Amino acid sequence: MLVVVGAILLTSSGMVSGDPVGLTNPIASKILKGEIVVGVEDFLQLPKTLDPHDDATRLEGIPVDLVSSEAHARVQHMTPVPDGSGRLAVSDLRGVLYLTDSVGSKLHTYLDLRELPEFAHDVFPNEAGFLGFAFHPEFGTKGAPGFGKLYLGYSAKADSGETTYLADRAFSHKSVIVEYTTNRPQRDTFSGSTREVLQVGQFAQNHNVGTLTFNYYARERDADYGLLYVCMGDGGSAYDPENNGQALGTPLGTILRINPLTQEGAPYSVPADNPFVGREGALPEIWAYGLRHPQHFSFDTDGTMYINDIGQNHVEEVNIGLAGANYGWRIREGTFATGFDVGIPFAGTVFEKLSAPEFVGPVAEYDHDEGNAIGGGYVYRGSAIPELYGKYVVADMVQGRLFYFDIHNLTPGKPALLKELRVFIGGREQGIREAFGYPNTYAPGTLRADLRLGMDGEGELFLLTKGDGRVRRLIASES
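To get my numbering, take the position in the sequence shown, counting from 1, and add 317.
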């Protein structure tokens with residue numbers, strides 16, 4: 318249950334007196350290991366793919382080894398196909414979408430974006446490429462408007478197609494949403510047509526489009542049924558130099574909400590109940606804003622949205638999705654003030670919490686003593702690990718740690734207690750980074766987990782690791 322007291326407030330420890338002092342350890346308490354123990358089992362191996370090493374050299378002054386990696390396959394996202402078949406779809410950031418059966422015994426290449434001349438996975442391969450996809454809830458319902466429709470979000474070259482927003486800012490590339498339509502959705506390889514839905518110019522290489530999803534728990538009578546949610550980063554280039562996070566006139570730094578089906582010749586339509594419809598200067602597609610790099614978000618079975626936003630300097634955060642919410646970036650990082658709030662722009666740190674009733678605070682956060690970049694997260698609704706049921710599980714992409722918290726009585730701005738999920742691998746408790754990591758090009762001599770999470774139609778959780786290109790299922794531990 319979500320508890321909101323009056324206007325949603327960030328917690329505050331009072332105003333800073335004198336000169337503001339940056340916090341080197343904003344969250345002093347450590348995340349302790351919890352009582353829940355899980356195991357892992359192999360599920361699926363993706364084929365090896367390669368970063369475009371030759372094209373990477375064209376980035377100004379950036380060595381090739383910093384824009385490419387030794388990852389076997391950049392496993393990005395996994396979700397069930399909503400047609401009752403039990404199939405799962407899993408994507409490689411380098412441009413491939415695969416389908417497999419419910420037990421991972423067969424793998425099929427459903428479509429390959431690398432065949433498209435406009436696909437721009439070479440812009441900055443660490444964050445650009447094939448970033449998200451979502452099947453329409455009616456994908457398998459013959460005769461329905463969404464029958465056979467699938468939506469992809471990926472990076473396209475700056476001179477491709479017609480730009481919906483920020484055409485004059487497409488210095489680097491574009492984030493595009495494309496509709497794929499097939500009249501044979503039961504097949505394991507795509508054949509059909511495509512249609513562009515939305516294009517956004519990107520002035521920098523990072524903080525692009527991310528997760529695409531529908532609220533699959535909405536029913537036909539619900540206002541949310543058939544509406545596509547799209548997360549957009551702030552455009553990148555560190556510290557949000559254009560202040561996109563606090564601007565309602567740009568799609569950057571937001572969650573967008575649209576009906577992606579074509580309407581009277583228009584590529585999509587805007588729901589009448591979107592919170593900024595009719596507000597002067599605001600894009601009607603915006604559903605929430607004030608976000609930095611919300612690469613991953615998900616819905617629970619009751620329709621609650623959880624948004625994971627990657628921090629700049631010190632703090633990673635989990636937010637509850639609320640229509641019209643402003644999550645505070647670039648003024649806030651988690652529950653903490655940034656340099657922009659205390660007169661020290663681009664400070665490189667965070668500062669003591671300040672009262673800010675206009676912002677919606679996170680329901681969970683951790684600092685960089687614990688991890689470096691928050692990844693995917695889901696409320697566990699499976700049956701394999703009963704003690705984990707109803708807990709929100711989140712991954713740190715770099716360190717490979719799994720955290721969880723209880724979702725009852727969450728209050729924005731009052732972060733819940735995080736615990737670390739204990740993982741047994743190969744008969745002993747160990748970290749995912751140590752077990753499945755690969756060389757970190759940003760910190761030579763160290764390992765990087767590059768961990769994401771996936772979920773199947775039964776609510777079971779999966780680990781997606783890019784170093785070895787594998788998908789593994791979380792199971793109950795015998796330890």
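All C-beta atoms, glycine included, are put in the ideal place defined by N, C-alpha and C.
Remember, it's a predicted structure, so these values are computed and weren't measured experimentally.
Reduced DSSP category for residue i - H, G, I as helix; E, B as strand; rest coil
| i | result |
| --- | --- |
| alanine 766 | coil |
| isoleucine 702 | coil |
| aspartate 418 | coil |
| arginine 431 | helix |
| glutamate 751 | helix |
| asparagine 625 | strand |
| alanine 521 | coil |
| arginine 787 | strand |
| alanine 555 | coil |
| arginine 512 | strand |
| asparagine 576 | strand |
| alanine 484 | helix |
| glutamine 503 | coil |
| glutamine 612 | coil |
| glutamine 716 | coil |
| phenylalanine 676 | coil |
| glycine 470 | strand |
| phenylalanine 452 | strand |
| asparagine 561 | helix |
| glycine 656 | helix |
| proline 756 | strand |
| valine 357 | strand |
| leucine 363 | coil |
| glycine 527 | strand |
| tyrosine 497 | strand |
| lysine 491 | strand |
| tyrosine 644 | coil |
| threonine 374 | Legend: pLDDT at threonine 374 = 37, less than 50; position of this residue unreliable, value from coordinates given subsequently. Reduced to three states, the DSSP call for threonine 374 is coil. |
| alanine 690 | coil |
| serine 477 | coil |
| tyrosine 606 | strand |
| arginine 649 | strand |
| arginine 745 | strand |
C-beta contact flag for residue i and residue j at 8 Å
| i | j | result |
| --- | --- | --- |
| leucine 738 | valine 355 | yes |
| histidine 394 | glycine 412 | no |
| phenylalanine 741 | threonine 782 | no |
| tyrosine 546 | arginine 574 | yes |
| valine 667 | histidine 631 | yes |
| tyrosine 585 | leucine 483 | no |
| leucine 705 | tyrosine 695 | no |
| glycine 641 | alanine 589 | no |
| leucine 361 | glycine 421 | yes |
| phenylalanine 520 | alanine 451 | no |
| glutamate 669 | leucine 340 | yes |
| glutamate 444 | tyrosine 755 | no |
| glycine 638 | leucine 600 | no |
| tyrosine 468 | proline 577 | yes |
Close Cβ partners of residue i (< 6 Å) along its chain, the five nearest in sequence each way excluded
| i | result |
| --- | --- |
| arginine 512 | Glu496 |
| aspartate 551 | His524, Asp557, Asn561, Gly562, Leu569, Gly570, Arg609 |
| alanine 473 | Glu435, Ala437, Lys491, Val493 |
| isoleucine 379 | Caution applies to isoleucine 379, whose pLDDT of 46 falls short of 50 and renders its modelled position unreliable; the value that the coordinates give is listed next. Closer than 6 Å at Cβ, skipping near neighbours: no residue. |
| phenylalanine 464 | Glu455, Thr458 |
| glycine 699 | Glu775, Gly776, Glu777 |
Cβ neighbour criterion (16 or more within 10 Å) applied to residue i
| i | result |
| --- | --- |
| aspartate 619 | exposed |
| glutamate 650 | buried |
| phenylalanine 488 | exposed |
| threonine 506 | exposed |
| alanine 345 | exposed |
| aspartate 368 | buried |
| alanine 760 | exposed |
| lysine 365 | exposed |
| proline 462 | exposed |
| phenylalanine 663 | exposed |
| glutamate 358 | exposed |
| asparagine 500 | exposed |
| arginine 745 | exposed |
Residue i: CB within 7 Å of a non-hydrogen atom of the ligand GDP
| i | result |
| --- | --- |
| phenylalanine 668 | Absent from the structure shown: the ligand GDP. Ligands present: none. |
Own chain, CB closer than 8 Å to residue i, minus 5 neighbours either side, in chain order
| i | result |
| --- | --- |
| valine 517 | Thr480, Thr481, Tyr482, Leu483, Lys491, Ser492, Val493, Val526, Met549, Pro568, Leu569 |
| glycine 401 | Gly457 |
| glycine 692 | Gln612, His613, Asn625, Val711, Ala712, Asp713, Met714, Leu768, Arg769, Leu770 |
| aspartate 343 | According to the sequence provided, residue 343 is proline. The question's aspartate does not apply to it. So the qualifying residues of the chain are His631, Val632, Gly651, Phe653, Val667, Asp684. |
| glycine 595 | Pro601 |
Residues near residue i in its chain [Cβ-Cβ closer than 7 Å; skip 5 each side]
| i | result |
| --- | --- |
| aspartate 429 | Gly412, Val413 |
| serine 408 | Gln393, His394, Leu414, Phe447, Phe450 |
> Taking contact to mean at least 3 C-beta pairs separated by less than 8 Å, is the stretch 712-725 in contact with the stretch 755-769?
Replying inline: yes
>> Can you confirm whether the stretch 492-503 touches the stretch 535-543 when touching is taken to mean that 3 or more C-beta pairs between the two stretches lie within less than 8 Å?
In response: no
> Between the stretch 672-687 and the stretch 731-746, are three or more C-beta pairs nearer than 8 Å?
Replying inline: Yes: the two stretches touch, three or more of their Cβ pairs being nearer than 8 Å.
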